[in-house]
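Okay, structure first, notes after.
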Amino acid sequence: ELASRMRVKASEVIAKLMGLGVMATINQAVDVDTAMLIATDFGYEVEQGITEEIGIQLLEESQEGGVAEPRSPVVTVMGHVDHGKTSILDAIRKTDVAEGEAGGITQHIGAYHVRSSAGDVTFVDTPGHAAFTEMRSRGAQVTDLVILVVAADDGVMDQTREAISHSQAANVPILVAVNKIDKANADVDRVKRELSDYDLIPEDWGGQTMYCETSAKKGIGIDELMEAIQLMAEMLELKADRKRNAKGRVIEAQLDKGRGPVATVLIQEGTLKVGDYVVVGMHSGKVRAMLDDRGRNMKTAGPSIPVEVQGLSGVPQAGDEFVVVTDEKMAKNVSQARAMKAREAELGASSKISLDKLFEKM
Ligand code: GTP
Ligand code: MG
């Protein structure tokens with residue numbers, strides 16, 4: 390019926406449906422959303438943009454139920470400012486990021502994929518400074534587990550507590566690294582006592598939380614920390630389908646003078662390839678190039694891998710979802726529709742504010 394109303398062959402409609410992953414027979418009912426999407430494809434005017442959103446949904450659904458294969462864990466490092474998060478990652482990666490940071494303070498999220506004999510791990514570093522609550526909250530949302538770094542000479546502080554609440558809110562298991570144990574005034578037991586108030590009771594005290602004692606500076610306890618991560622990750626039985634179209638989340642993004650908009654994306658499902666069309670928040674694009682965390686070119690990136698993507702139409706927001714779509718048209722339409730919706734919402738919000746203001750004055 391849909392075909393005859395559009396004056397096209399039923400087989401053409403069926404072919405289009407199959408292209409969207411919907412297996413249909415000639416007399417099968419399709420829902421309104423699908424019908425609208427198909428009609429758009431045949432050049433009929435229906436509410437633009439919304440239909441493409443549905444297209445993405447259908448595309449996603451068509452890919453569900455693929456083969457789930459093991460993937461490496463994503464581990465976010467959190468804790469109070471200066472407690473040694475970046476230093477621990479430096480010790481694991483045998484690099485020196487902390488040294489090069491302005492004022493010794495991390496001001497962005499870094500994502501690193503580390504290969505080790507104990508297994509591969511993707512680490513997400515977060516800032517501990519009070520100003521970066523947003524980033525910590527986001528870090529807790531993309532991760533499989535959290536390493537809570539607490540300096541043994543300083544104990545539980547404001548952002549330690551904040552990190553615990555982000556992790557617990559996101560339902561992410563916590564592994565504690567009591568760091569700076571090389572310091573003269575280090576007091577590991579005090580840290581354990583303080584954290585026990587937050588439901589992080591150490592295993593050796595009859596609780597469920599794993600603690601590692603580390604000195605990033607002296608390289609103590611780092612191997613044990615890696616082993617603890619692997620142990621916890623194994624229990625989570627992490628899996629992803631690497632054959633489907635890629636889907637992920639933006640960790641951070643900025644405008645680069647030479648390369649244009651660049652976004653660090655953590656792939657969560659599927660495999661991202663150079664040349665893929667993507668929608669990310671209110672922007673779209675075609676992946677022009679991908680770099681790994683050491684600046685090396687990559688052609689593909691699978692689940693749990695962080696990549697820096699070039700080729701986007703604009704700078705997305707950290708936390709935005711990143712989805713591969715079938716073609717350029719779909720990518721553009723969805724991003725435009727989203728941008729329009731956002732503008733409308735903004736206009737709506739500002740007129741509401743002015744109304745409120747009006748009443749205030751009366
Ligand atoms: P933010 O990202 O700003 O929150 O800080 P951070 O937690 O990443 O701390 P960072 O790794 O930058 O380390 C802060 C300071 O503590 C640096 O001067 C490090 O050299 C020092 N530090 C880190 N780990 C240790 C350690 O195990 N022992 C000692 N003595 N100093 C350490
Ligand atoms: Mg840091």
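Numbering (UniProt numbering), first residue to last: 390 to 751.
The C-beta atom is built at its ideal place from N, Cα and C for all residues, glycine as well.
Spatial neighbours of residue i in its chain, beta-carbon cut-off 8 Å, leaving aside the 5 residues before and after
i    : result
E450 : G410
M751 : For M751, the predicted model reports a pLDDT of 47, less than 50, meaning its position is unreliable and no value from the coordinates is stated.
Closer than 7 Å: residue i CB and nearest the ligand MG heavy atom
i    : result
A552 : no
K569 : no
A635 : no
T465 : no
P650 : no
T689 : no
Pick from the options that is closest to residue i, judged by C-alpha positions
i    : options                : result
T715 : K636, A731, H555, G473 : K636
A519 : H469, N574, R727, R579 : H469
Q548 : L680, N560, M524       : M524
G670 : K572, L680, Q706, Q657 : Q706
V464 : G528, A491, D430       : G528
L564 : K572, M546, Y600       : Y600
G703 : V651, T660, G659, D665 : V651
I570 : N560, A559, V538, A558 : V538
E551 : L584, R579, Q725       : L584
A480 : M615, A731, R582, V723 : M615
L448 : G691, D681, V668       : V668
G455 : G737, N634, Q725       : N634
G544 : V663, G473, A507       : G473
E490 : S506, S505, T511, T515 : T515
L534 : E453, G691, A617, T495 : A617
Near the ligand GTP: residue i beta-carbon under 7 Å from a heavy atom
i    : result
I494 : yes
S451 : no
I487 : For the record, residue 487 in the displayed sequence is Ala; it is not Ile. A487 Cβ: within cutoff of the ligand GTP.
T660 : no
T549 : no
D471 : yes
V539 : no
Same chain, Cβ closer than 6 Å to residue i, five either side skipped, listed in chain order
i    : result
I640 : I498, A500, T653, L655
Q699 : R648, V651, R677, A678
A399 : A392, I415
Q530 : A559
D607 : In the sequence on display, residue 607 carries Lys and not Asp. Cβ neighbours of K607 beyond the five flanking positions: D571.
Test: residue i CB closer than 8 Å to a CB of chain D
i    : result
A418 : Protein chains in the displayed structure number just one, and chain D is not present.
Beta-carbon contacts of residue i that lie in its chain and below 7 Å, excluding the five residues immediately before and after
i    : result
K572 : A541, D542
V397 : F431
K405 : I427, D430
K718 : none
Check: residue i C-beta below 7 Å from any heavy atom of the ligand SAH
i    : result
H518 : The model on display carries the ligand GTP and the ligand MG but not the ligand SAH.
Three or more C-beta pairs under 8 Å: does that hold for the segment 622–637 against the segment 591–605? no
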